[in-house]
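Numbering (this note's numbering), first residue to last: 11 to 89.
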Amino acid sequence: MYELILRRLLFCLEPETAHRLVMVLLRLPPLAVAGLVGRTSRVDSPDLRREVFGLSFPNPVGLAAGFDKNARVYRQMGR
Numbered sequence: 011m012y013e014l015i016l017r018r019l020l021f022c023l024e025p026e027t028a029h030r031l032v033m034v035l036l037r038l039p040p041l042a043v044a045g046l047v048g049r050t051s052r053v054d055s056p057d058l059r060r061e062v063f064g065l066s067f068p069n070p071v072g073l074a075a076g077f078d079k080n081a082r083v084y085r086q087m088g089r
């Protein structure tokens with residue numbers, strides 16, 4: 011669903027508009043967003059696991075600097 015709809019929509023928008031839209035979507039209840047990006051876009055593979063500063067992650071994490079500069083959706087990003 012993400013590749014078919016949401017990604018295409020986001021890449022058509024101006025970067026700041028796309029950022030604001032994602033911030034709004036992340037504040038929605040988890041079930042409302044799950045159909046768009048939720049578990050369907052998750053890949054579980056031992057090859058992706060990383061350990062950084064003693065913390066284990068199931069996969070590499072990549073976020074733009076300042077994505078959540080005001081810490082409004084940090085909990086939602088950890089889902």
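Just so it is clear, CB atoms sit at the ideal spot from N, CA and C, and this is done for glycine as well. All values derive from a computational prediction rather than experimental measurement.
Counterpart residues of residue 66 in DSSP-defined beta bridges: Translated into the one-based positions of the sequence shown, residue 66 becomes position 56. Per DSSP, 61.
Beta-carbon gap between residue 18 and residue 83 smaller than 8 angstroms: Mapped onto the sequence shown, residue 18 falls at position 8. Mapped onto the sequence shown, residue 83 falls at position 73. Not in contact: residue 18 and residue 83 (Cβ atoms no closer than 8 angstroms).
Bounding residues of the alpha helix (DSSP H) (the contiguous stretch that carries residue 21): Residue numbering aside, residue 21 sits at position 11 when the sequence shown is read from its first letter. Here the alpha helix (DSSP H) through residue 21 covers 17–22.
Any non-hydrogen atom of the ligand FAD closer than 7 angstroms to residue 16 Cβ: By its list of ligands, the structure shown contains no ligand whatsoever, and the ligand FAD lies outside what it can speak to.
For residue 28, the first and last residue of its enclosing alpha helix (DSSP H): As a working mapping, residue 28 is identified with position 18 in the sequence shown. Residues 25–37.
8 angstroms Cβ shell around residue 33 - same chain, five flanking residues per side excluded: As a position in the sequence shown, residue 33 is number 23, starting the count at 1. 78, 82 and 83.
Per-residue DSSP class, three states only, for residue 85: If you number the sequence shown from 1, residue 85 lands on position 75. Shown here, residue 85 sits in a helix according to DSSP, grouped into three states.
Option in 39, 70, 61 and 15 with minimal Cα separation from residue 86: On the sequence shown, residue 86 is found 76 positions in, with the first residue counted as 1. Selected option, being the one with the closest Cα: 39.
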